[in-house]
Structure formats: C-alpha cells, structure tokens
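Chemist: Got a structure for you, questions after.
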Amino acid sequence: MEAAGRAQAARGRVPRIDPYGFERPEDFDYAAYEEFFSTYLVILTRRAIKWSKLLKGGGGVQKSVTVKRYIRKGVPLEHRARVWMGVSGAQTRMDRNPGYYQRLLQGEQSASLEEAIRTDMNRTFPDNVRFRKDAEPCLQGPLYNVLLAYGHHNHDVGYCQGMNFIAGYLILVTKNEEEAFWLLDALVGRILPENILGAREPVQGQHRPAAGALQGAAAGTGL
C-alpha cells in the first residue's frame, strides 16, 4: 500500500505530457522516474551551466574537442536547436541561402509528392498532442511544408516513409520549420551515407526499409 501511495503521489507531481508533447504511456513508472531525476537533476544542472558558459555571447557554435565531448554527454533541451544548427552546418547553409526555403514552397508543385506526404500526416507521432488536428497550433502544417520543400530540394530522395518522424522531431526541437528543413538537409544530404537513400521510384515505397536506418543515424550523430 505504501508503494502504491508513493506511485500515486508521483503521478500527481510528474506531468502526464513530456516537454516535447508526448503523452506518457499508461504503464509509465512515475515513481521510478521521479526517484531517478531526484539525483540526475544535479548532473543535468551542472551540464546546463557548462553549456551556458560555452554559448555565452550569442556567437556561432564552433566544432571543437570540448563541444564534441559535451554533445556526447547530451545537449540541454534549451540549447539543442542552436547546437544542432551549428555543428551540422545547417545554420551556415541557411544563412547563405536566404529565402530559399520559401521559394521551394512557392514554386511548381508535384501532385504525387503532395499525396505521398499527406498520407502520412495523421500517422506522425499519434501519441504527441502537438501533431493532433485539434492542437493549437497544430504542427501538421509545418511538417507538411518541411517535407514538401525537401522533396523539391532533393529530387533523388523526394519523400519516403519514415522521413515524417525525423522531420517532425526536428520541428519539435527547433520550433521553427525553416530550421527543421535545413537540419533535414544536413542529415539526409551530408551526415547519412550517400547510398542510404538513392534514386527513388515511385515517390513512396521503395525506401521503407531505410526509415529505421534514417532514425538510427539521427541518433548516432550525437544530435
């Protein structure tokens, strides 16, 4: 009974939805989570202070042994978008191509590409409250834009199932669809092995097996 009471109390203190908008599952162990963070929070705070000192001044993130070591230990949520943009080269690419993302969205469109992307909209993170149609704002619109722009930007890849989850996660982190587009460009265009997403035909289907590899590579880069 005592353990059940602690679990119930922890459930009342720990938010049901995590910082990224994901609902915690019914069998989530709130008590264990709270106990873990009661000690781990000290480590996270210490790392956050180090990152704040490193990024002080608002300049760009420069690759270095120190930055690599910090990334391997984890980037605090509040600094994640800026660090990812810097170390991946996405920030440089975006700065050198002002207006490019908007031009991709305003240019001639492809009905087959649009249909392939729309098919996966409601399948993207069904356990995330921010991607639901009744969310305010709903992130399905920015996600659609990022995938559509990337499909026109990289004709060899276009769109394949699984990319919606990667782009969706990038949007959750950056809270900025243009930054998410450039991070997707960095990941698929330069960080992943060249042959992981080769020429595709049709737009949707050929690269379904690559979806898992895409997500694994995203985690393996230290992003």
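Number 119 in full-length UniProt numbering belongs to position 119 of the sequence shown; there are no gaps in the numbering.
Beta carbons are placed, not taken as given, at the ideal position from N, Cα and C, and that holds for glycine.
Taking the straight line between their C-alpha atoms, what separation do you get for R200 and D156?
Modeler: Translated into the one-based positions of the sequence shown, residue 200 becomes position 200. Translated into the one-based positions of the sequence shown, residue 156 becomes position 156. Because R200 carries a pLDDT of 45, less than 50, the predicted location of this residue cannot be relied on, and the following value inherits that uncertainty. Approximately 6 Å between the Cα atoms of the pair.
Chemist: So residue 258 and E115 are supposed to be a Cβ contact under 8 Å. How far apart are they, rounded?
Modeler: As displayed, the chain neither begins before 1 nor continues past 223, which places residue 258 out of reach and without an answer.
Chemist: Are F181 and A135 close, meaning C-beta to C-beta below 7 Å?
Modeler: Numbered from its first residue, the sequence shown carries residue 181 at position 181. Numbered from its first residue, the sequence shown carries residue 135 at position 135. Result no, Cβ atoms of F181 and A135 do not sit closer than 7 Å.
Chemist: Taking only runs that begin and end inside the segment 47–97, name each unbroken alpha helix (DSSP H) of 4 or more residues, in chain order.
Modeler: Complete alpha helix (DSSP H) runs here, min 4: 65–73, 77–88 and 90–96.
Chemist: Beta carbon of V61, beta carbon of V87: below 7 Å?
Modeler: Numbered from its first residue, the sequence shown carries residue 61 at position 61. Numbered from its first residue, the sequence shown carries residue 87 at position 87. Closer than 7 Å, so yes.
Chemist: Given a cut-off of 7 Å, decide if Y159 and I117 are closer than it, judged by their beta-carbon atoms.
Modeler: For the purposes of this step, residue 117 is identified with residue 117 of the sequence shown, where counting begins at 1. For the purposes of this step, residue 159 is identified with residue 159 of the sequence shown, where counting begins at 1. Yes, the Cβ-Cβ distance between I117 and Y159 is below 7 Å.
Chemist: Can you give the Cα-Cα distance for I166 and R123, rounded to whole angstroms?
Modeler: The count along the sequence shown starts at 1 and reaches residue 166 at position 166. The count along the sequence shown starts at 1 and reaches residue 123 at position 123. One C-alpha to the other measures close to 13 Å.
Chemist: Just the Cα atoms here: how many angstroms apart are L223 and E108?
Modeler: Here residue 223 corresponds to residue number 223 of the sequence shown, with the count starting at 1. Here residue 108 corresponds to residue number 108 of the sequence shown, with the count starting at 1. Caution is warranted here: a pLDDT of 42 is assigned to L223, below 50, making its placement in the model unreliable, and the coordinate value is therefore given only provisionally. If you take the alpha carbons of L223 and E108, they lie about 33 Å apart.
Chemist: Is the segment 64–75 touching the segment 45–53 in the sense that three or more CB pairs, one from each, lie closer than 8 Å?
Modeler: Counting Cβ pairs under 8 Å, three or more are found: they touch.
Chemist: What did DSSP end up calling E23 once you bin it into helix, strand or coil?
Modeler: On the sequence shown, residue 23 is found 23 positions in, with the first residue counted as 1. If DSSP states are grouped into helix, strand and coil, E23 belongs with the strands.
Chemist: Please go through the same chain and pick out, in chain order, the residues whose beta-carbon is closer than 7 Å to the beta-carbon of Y101, but skip the five residues on each side of it.
Modeler: Position 101 of the sequence shown holds residue 101. Cβ within range, chain order: A149, E178 and F181.
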